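Chemist: Okay, handing you the structure first.
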Amino acid sequence: MDKIRNLADLRKMKEGMQSRMSLRENSNSPDAIIQIKVGMATSGIASGAKETMSYLITELDKRQIKALVMQVGDMGYSYAEPTVEVTIPGKDPVVFGDVKIPRAQEIIEKYIIGGELIEGILPANYRSI
Amino acid sequence: MAVKMHILVCGGTGCSASASHEIVAELNKELVAHDLTDFAKVVVTGCFGFCERGPIVKIIPDNTFYTRVKPSDAKEIIEEHIIKGRKVQRLLYVAPDTNQSVPDSKHMEFYKKQLRIALRNCGFIDPENIEESIARDGYAALAKCLTEMTPEQVIAEIKKSGLRGRGGAGFPTGLKWEIASKSRPGEQKYVVCNADEGDPGAFMDRSLLEGDPHSILEAMAICGYCIGASKGLIYIRAEYPLAIHRLQVAIQQAEEYGLLGKDIFGTGFDFEIELRYGAGAFVCGEETALIHSMEGKRGEPTFKPPFPAQSGYLGKPTNVNNVETYANIPVIINKGADWFASIGTEKSKGTKVFALAGKINNVGLIEVPMGITLREIIYEIGGGIKGGKKFKAVQTGGPSGGCLTEKHLDTPIDYDSLVAAGSMMGSGGMIVMDEDDCMVAIAKFYLGFTVDESCGKCTPCRVGNRRLLEILTKITDGKGTMEDLEQLKNLSAVIKDTALCGLGQTSPNPVLSTISNFWDEYVEHVVDKKCRAGQCKALKKYVIDPAKCKGCTACARACPVSAISGTVKNPHVINQLDCIKCGTCIEKCKFGAISIQ
Amino acid sequence: MDTIKLTIDNREVEVPRGTTILKAAEQMGIRIPTLCHFELDGLALENRPGGCRVCVVEVVGRRNLAPACITECMPDMVVKTNSFRALNARRTVLELMLSDHPNDCLQCPKSGKCELQALAADMGIREIPFKGQQSQYAKEFSPSIVRDANKCIMCRRCESVCHEYQSVGAIGAVERGFPAVVSTAFGKNLTDTNCVLCGQCVAVCPTGALAEVDNTGKILRDIANPDVKTCVQVAPAVRVALGEEFGMPPGSIVTGKIAAALKAIGFDYVFDTDWSADLTIMEEGTEVIGRLKAYLAGDKDVKIPIMTSCCPAWVNFYEKFYPELRDYPSTAKSPQGMFGATVKTYFADKIGIPRKNLICVSVMPCVAKKYECEREELGVNGDPDVNYSITTRELARLIKICNIDFNSLPDAEFDSPLGASTGAAVIFGVTGGVMEAALRTAVEVLTGETLPRIDFEEVRGLDGVREATIPVPGVADLKVAVVYGLKNARTIMEQIKAGECPYHFVEVMACPGGCIDGAGQPYHHGDASIVKARHAAIYEADRNMPIRKSHENPEIQAIYKEFYGKPCSEKSHHLLHTIYFDKKIKFDID
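Residue numbers (this note's numbering), protein chains in the order written: chain A, 1 to 129; chain B, 130 to 726; chain C, 727 to 1316.
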């Protein structure tokens, strides 16, 4: 380990750690950032939810978008797995169905960054506590 | 694939005692078994504060808060929660008011009202990993001070923040630093961290050191920069092995990273920190006693002046602050004095960590903004009195503090309001009592502690407190007189007036505050020979109701001291002189004829 | 000087900054009682723990009461020393102290001299309202000192002298809370610790917690025994202090009355330790000259500085702390020891009785001398040269027990042949005295010329460390040092260890000011003027002596002619010199 010799070193180390700590940082103030819940029940996993989640995390990280991606249980939309719920701060949650990698990309580019609604929105049929 | 989930496991002393390290091992084993090591990782953190329900396991990112986790639960947590995303319902915290499980710790009443400044990193980072600390702005305040601010500016900032010493008396920290900085400039000076936490039931400092040692090291270095000291000493009791270990690791890491040692941040500022172990004497929390103990002398206070800032460790100017005080420093520097001063009351700024204990549902470590009421702490954060009993009193300030009652429940808590109410902030012990607690016995308990912990140097504390305890014992033994109560008052006042150090001067506080708030109970003990809480054994009277007694002789046969007489089928009588109040007769009576008066 | 004004008991007073309330009040004639506070002005002995809390006073505006002994006066301070609050607190504190103190004043060795007793009397204590647990510690006996920890009031005076003044550290506060008491490490017996038995703890103890071993009973029995003869010797410092016990002003010289009193008590022979002090000078002086000559001639093996060896606590000190340097002190026995060795050989033969039938008693200003008597090497086959020693205080008791009106006694002379002495001998009683006495003889011997002046003012005084250069024409400039207090002695020992000691000859005494404030002297209760009066009296006694150099003492010249031959002869080596042992204390902690 090189010594931290000056302020720049400290900042560099802090930034280097940021991605590793962001998971916890973000969960500390979940309502202030984008929350993405991936339905990760058996049917979701069978339909590729793991790949979707992995893609979302990597992609958001790459684009330096602060978001909290977490897995949740079955959302009840077995006909449209994998399902992903996206909550942008200040807005109501929106649930997308059939989110394989291409749609995940679309969600990031159009809904999260662009703010426009895209295809595949499912009617909300529950409220989480 | 990057790690998607963090499994935080509490590695504080409380949870460690409940085998949290085994949970860690099991969790890791399961992660390996399911080939999930690059998906989720286990992080051992400091205390979450909710010790009542430990060991605690918290899953990030969804803030799932598992309580009373056993090593055998690891498999289920991994297979259900991590793999399938299904929370393990039976391990979730159940709110006592709604009887609903609360999956997300953000929604727990226990945390809702808390504001964690000093405890910001506790239960959040791995205390043995300096990089996690750095990611949370660790050493950024030190860097800012060394590169952008003069010592005078730092002191001005601390003064402006309104931070007061968290060890008990609440002396303004900035002022203390200023005095030390101006004292004998150019000489070797010392920065001392007082980690000799000794109040019964208090574990604020221990948790801070276990959960976030780097913040303390950083703050000590800042203090060293301000007062012109290149050496820091942490006086910690040897009974805190985990905190000592974490500090040792932290000091070593900080030295490796160049954040302690020579020429920190290339500014030419040197600062090193050593540990000094105490043998666990309460009085060594008093700063002059602490310094004597560090010097290898008998741990007893000396008269002030001279204050440590004038002549402290080895006769050199020394600044002594408590752990929690230091924990606030980096945040104040990073976020600014104005931000800090916006929290709390007019004369008490920021937050205070309390160790909540006693007859309360949520025993644990909490941090609340100054100005919060006792009612909020006890009924909201603390979840109310255990078993739905009636609140009677709360003891703050440990053995030096006093008992507050119902009428103080809505008083905003700060240094001055507590003193005005006859107690004190102290280091942050808060023990809740219900209707089953006898206030005379409580006073006796605290006094017993002071009697054991007195250094024995001055007469009022050495002999006076022993005599006070003897008078209290006489009262709880049912032998007290009204003259004893008068003597209790006079003696308490004299001890308060004449004892040498803070420990002695405050030692009669539990007596004085219970006398002023629960005078009736004292009189009852003395005049009516009655203890309404039923705690004072000598005042209990077991009696047989002749109307209910069938004369079965079961009680008489069971009585270990043959104190019950009577003939078959005739009502029995308990001879009060022989009775040892063991309660066996009550258990044996099938007719409910025996009661306690 | 920077002064401040304040008000005490409605009167204004101006004092230098840094003055305590106690001192300021004293200056106004207000006597605030104290117990733990102790200061021997100008003798580097003090104890200011602020622990007893008897001296509390009210300072207007202050939250609690202030201990007058350590609270410094502040400008415009308003102090009330006798407000009800202060008086009530003071009385309560005293009552608390008494509630854990044995009520056995009648049998107490300090009765009548006890500061606690006096304070209780002054405060009019008639009953103690507090009943409860009392400390129960076992009494401990050593050859010199009796410890009764039940009477300890934790004033810590003894601890201060033992640690700060003597650098011995044998006793200190142990335990905490109510059982806190001054004791030895691990509760060991004093003799198993670093204790050098100097007894200064006894000298400063305000109560009966520390006292000397009492030998007065033994004396009365021995005097009454028809099978033995008794002889007694009296140390120099006793004659300037004993009068205090009989109401005389400090510094009264009562040599003649002592001789008369001892005869009245019934001793068969009443001799003087001053005689053997002169003998000591002959032996030690000769040794000094011998070593010095060898050293100056370039002998690298000879140990310089040579150090005095008459103080028994100092001997204990180097045996326990610096056994590796025990070749430095002179091998000469102390005057008490030389007297005993001579009386049990020469004198027993002279009067024709076996040595075991001659009981030799010494009256000393010292408690360590009691231990010196018990040293095996200072006796023959278990028969000690000096059977036992009593202190000045014990002699006063003995005089009272024997119905003697000391004040009206006519002066008497010491018996011959061990009674005549010189001014050089009497100054053994003060710090610097042995040095001056040795110089009076050694310089004359070295130069072969009569001294132009007898008084060596440069080694006198009451500073803890004094150094001087004494020119000895034709020989060398003699560098000497005189120290009292074992802490100062330790400094010199460390210098020797480091090879940096600049002196040729060093005198060491353990007690403040030398034997005049020995632990066996009448209690001074911290009044330094008493010690200073004794100091002056010793030099007055010296001036009054017709002969003031040891080698001119006719009885000394006689004993060499008759018995020893010459100083440092084979016979004197056998009888008047001794050896030292390695007595380093090793603590086994298991």
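Just so it is clear, CB atoms sit at the ideal spot from N, CA and C, and this is done for glycine as well. Just so we're clear, the structure is a prediction, and the values are computed from it rather than from any experiment.
Are any of the Cβ atoms in chain B nearer than 9 angstroms to that of C/PRO828?
Modeler: no
Chemist: What residue range does the beta strand (DSSP E) around B/MET568 cover?
Modeler: Counting along the chain, B/MET568 falls outside any beta strand (DSSP E), though it belongs to the alpha helix (DSSP H) covering 568-582.
Chemist: Determine the closest residue to B/ALA463 out of B/GLN382, B/TYR268, B/PRO301, with distance taken between C-alpha atoms.
Modeler: Note on residue identity: the sequence assigns Asn, not Ala, to residue 463 of chain B. The closest CA to that of B/ASN463, considering only B/GLN382, B/TYR268, B/PRO301, is found on B/TYR268.
Chemist: Out of B/ASP543, B/GLY512, B/SER312, B/ILE246, point me to the one whose CA is closest to B/THR525's CA.
Modeler: B/ASP543
Chemist: Let me check understanding here. Comparing Cα to Cα, which of C/GLY913, C/ILE949, C/SER1147, C/ILE991 lies closest to C/ASP1004?
Modeler: With distances taken between CA atoms, C/ASP1004 lies nearest to C/SER1147 out of C/GLY913, C/ILE949, C/SER1147, C/ILE991.
Chemist: Name the residue from B/ASP167, B/ILE673, B/GLU615, B/LYS670 whose alpha carbon lies nearest to the alpha carbon of B/SER738.
Modeler: Only positions 130 to 726 of chain B appear in this structure, which leaves residue 738 of chain B out of reach.
Chemist: Quick one: does A/ARG20 have its CB under 9 angstroms from some CB of chain B?
Modeler: yes
Chemist: Assign C/PHE1307 to buried or exposed, taking buried as 16 or more other Cβ atoms, counted over all protein chains shown, within 10 Å of its Cβ.
Modeler: Flag for C/PHE1307 reads exposed.
Chemist: For C/GLY925, count neighbouring Cβ atoms within 10 angstroms of its own Cβ and tell me buried if that reaches 16, exposed if not.
Modeler: buried
Chemist: Please list, in chain order, the chain B residues whose beta carbon lies closer than 8 angstroms to that of C/GLN859.
Modeler: ARG595, GLU599
Chemist: Measuring only the C-alpha atoms, how far is B/LYS515 from B/PRO225?
Modeler: 10 angstroms
Chemist: What is the DSSP secondary structure of C/HIS1261, reduced to helix, strand or coil?
Modeler: helix
Chemist: For the region 210-239 of chain B, list every residue whose C-beta sits within 8 angstroms of some C-beta in chain C, in sequence order.
Modeler: none
Chemist: Does any C-beta atom of chain C lie closer than 9 angstroms to the C-beta of B/THR588?
Modeler: yes
Chemist: Scan the region 389-418 of chain B for residues whose Cβ lies nearer than 9 angstroms to a Cβ of chain C and list them as they occur along the chain.
Modeler: ALA410, VAL412
Chemist: By Cβ distance, which residues of its chain are closer than 7 angstroms to B/SER234, with the 5 residues on each side in sequence left out?
Modeler: LYS187, ASN192, PHE194, TYR240
Chemist: Output needed for C/LEU845: all residues of its chain with C-beta closer than 8 angstroms, excluding positions within five of it in sequence on either side, in chain order.
Modeler: Within the same chain, C/LEU845 has close Cβ partners PRO759, LEU761, VAL780, LEU820.
Chemist: Does any residue of chain A have a CB that is nearer than 9 angstroms to the CB of B/THR460?
Modeler: Reading off the sequence, residue 460 of chain B comes out as Val, not Thr. No, no contact with chain A.
Chemist: Which runs of the alpha helix (DSSP H) at least 4 residues long sit entirely within the region 916-993 of chain C? Give them in chain order.
Modeler: 926-930, 942-950, 981-991
Chemist: Check C/MET803 in the structure and name its three-state DSSP category.
Modeler: coil
Chemist: Report the three-state DSSP secondary structure of C/GLU798 (helix, strand or coil).
Modeler: strand
Chemist: Whether or not the region 370-378 of chain B and the region 386-406 of chain B are in contact is what I'm after, with contact meaning three or more pairs of Cβ atoms, one per stretch, closer than 8 angstroms; do they touch?
Modeler: yes
Chemist: Tell me whether B/LYS521 sits in a helix, a strand or coil according to DSSP, three-state version.
Modeler: strand
Chemist: Whose C-beta lies closer than 8 angstroms to the C-beta of A/ARG127 among residues of the same chain, with five residues either side of it excluded?
Modeler: Low local confidence applies: a pLDDT of 49 at A/ARG127 is under 50, so the model's placement there is unreliable, with the coordinate-based value given in what follows. Nothing listed; no residue qualifies.
Chemist: Let me know the secondary structure DSSP gives B/MET559 once reduced to three states.
Modeler: strand
Chemist: Step through the CB atoms of chain E and report whether any lies within less than 9 angstroms of the CB of B/HIS135.
Modeler: Here chain E cannot be found, since the structure's protein chains are A, B and C.
Chemist: According to DSSP, which residues form a beta bridge with C/ALA899?
Modeler: C/VAL908
Chemist: Using a Cβ distance threshold of 8 angstroms, determine whether the region 1200-1216 of chain C contacts the region 1028-1046 of chain C, with at least three qualifying pairs required.
Modeler: yes
Chemist: State the DSSP-derived secondary structure class of C/TYR1249, mapped to helix, strand or coil.
Modeler: DSSP places C/TYR1249 in coil when its eight states are reduced to three.
Chemist: Could you work out which residue in B/ASP202, B/ILE211, B/THR227, B/CYS352 is closest to B/ALA272 when comparing CA atoms only?
Modeler: B/CYS352
Chemist: Could you tell me the boundaries of the alpha helix (DSSP H) in which C/GLY1289 lies?
Modeler: A quick correction: the sequence has Phe, not Gly, at residue 1289 of chain C. It is not in any alpha helix (DSSP H) - C/PHE1289 carries neither H nor E in the DSSP assignment.
Chemist: Does the beta-carbon distance from C/THR1176 to C/VAL1198 come in below 9 angstroms?
Modeler: no
Chemist: Counting Cβ pairs closer than 8 angstroms, one from the region 484-503 of chain B and one from the region 543-560 of chain B, do we hit at least three?
Modeler: As far as the Cβ criterion goes, the region 484-503 of chain B touches the region 543-560 of chain B, which means the pair count is three or higher.
Chemist: Mind pulling the chain C residues with CB within less than 9 angstroms of B/GLN616?
Modeler: At a beta-carbon threshold of 9 angstroms, the residues of chain C lying near B/GLN616 are PRO855, PHE856, ordered along the chain.
Chemist: So A/TYR77 and A/GLY97 are supposed to be a Cβ contact under 8 angstroms. How far apart are they, rounded?
Modeler: 6 angstroms
Chemist: May I ask you to list, following chain order, the residues of the region 618-634 of chain B that have a beta carbon less than 8 angstroms from some beta carbon of chain C?
Modeler: Listed by position along the chain: ASN619, LEU620, VAL623, LYS625, ASP626, THR627, ALA628, LEU629, GLN634.
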